[in-house]
Amino acid sequence: LLGAPPGYVGYEAGGQLTEAIRARPYAVVLLDEVEKAHPDVFNLLLQVLDDGRLTDSQGRAIDFRHTVVVMTSNLASRDILASARHGGDPDTLAAAIDRSLASQFRPEFLNRIDEVIRFQPLGREQIRGIVDLRLADLAALLREQGLRLQVDGAVADALASDGYNPEYGARPLARLLRRHLENPLATELLEERFAAAEGVRVLLAEPPAPASAGMVLRFQPLAAGGGAGAQGVH
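With UniProt numbering, the residue at position 46 of the sequence shown is 46, and numbering never jumps.
Below, the structure is given as structure tokens:
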């Protein structure tokens, strides 16, 4: 973060963090799952959060006054999940989160954090919204190849239902989309199945596949002006 000590290989290069901020002081620094960091990292953060600067291995003071530091943590995730499932009191949940923070971090570190933002687990409505966003991204990629993407509403609903997991957030949904939609569609495109088509329609396979097979999607070429009956268009 600060650079190698004098006499060590890489000393001239400086630190990865300090050099990045020295080059672009107006920046956002994201520290993901900060509770897993080495204790020495928190000593550095104390200097950043208190003085707005950090001294690198070459003795230069790096200005952090225009840098926003965002830290994420999974502390109290079980309390948050239990509260979402059972409709817990928000004040009780906030107190549980504060206790978890106090048990993990030193008071002088917590006292320098401007704001603690508590997120609820993603619900079914949010997961359905993420499906729509991912489908829109996929449609944009297909448009670059001159193809239109048309997705049945039943497909989007099934993706949201099968990809919903309040404990693990949106990651299971991302894996589901890759496994059942993005990768199979990429294979179809590589095989040039839609070379003569205007677009691609995605629908659930009929008859339904065995339960052990999971979701099975079918890809249908769209002729010009075709695709009637699809519930969702992207």
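Note that the Cβ used here is the ideal one computed from N, Cα and C, for glycine as well.
Considering just the uninterrupted stretch of the alpha helix (DSSP H) at VAL48, what are its terminal residues? 39-51
What did DSSP end up calling THR67 once you bin it into helix, strand or coil? strand
With three or more beta-carbon pairs closer than 8 Å as the criterion, would you say the region 194-206 touches the region 173-180? no
For VAL216, name the three-state secondary structure that DSSP assigns. Coil.
By how many angstroms is the C-alpha of ARG171 removed from the C-alpha of ALA197? C-alpha separation (whole angstroms): 33 Å.
Give the straight-line distance between the Cα atoms of ASN43 and GLU19, rounded to the nearest whole angstrom. Computed Cα separation, rounded: 19 Å.
Look at the alpha carbon of LEU138 and the alpha carbon of VAL48, and state the distance between them as a whole number of angstroms. 40 Å
In three-state DSSP terms, what is ALA195? coil
Cβ of VAL48 within 7 Å of any heavy atom in the ligand ZN? Looking at this structure, you won't find the ligand ZN or any other ligand, since it has none at all.
Run through DSSP, which three-state label would GLY227 get? At GLY227 the pLDDT is 48, less than 50, meaning the model places this residue with poor confidence; the figure from the coordinates comes in the next sentence. Coil, per DSSP.
Residue from LEU133, LEU17, LEU141, GLU144 whose Cα sits closest to the Cα of ALA156: LEU133
Taking the C-alpha atoms as reference points, what is the distance between VAL131 and VAL151? Approximately 11 Å between the Cα atoms of the pair.
Residue ranges of each alpha helix (DSSP H) within the region 123-150, 4 or longer: Correct list: 124-144.
Taking the Cβ atom as the reference point for each residue, do ALA27 and THR67 lie within a distance shorter than 8 Å? yes
Assigned exposure category for ALA186 - 16 Cβ within 10 Å defines buried: exposed
How many whole angstroms separate the CB atoms of ARG193 and PRO221, which I take to be in contact at a CB cut-off of 8 Å? The pair is a contact, with the Cβ atoms about 7 Å apart (cut-off 8 Å).
Buried or exposed: which applies to VAL34, given that a residue is buried once 16 or more other Cβ atoms fall within 10 Å of its Cβ? Under this definition VAL34 is a buried residue.
Taking the beta strand (DSSP E) that LEU30 belongs to, which residues open and close that run? 27-31
Where do the N-terminal and C-terminal ends of the alpha helix (DSSP H) with GLY153 fall, by residue? Residues 153-162.
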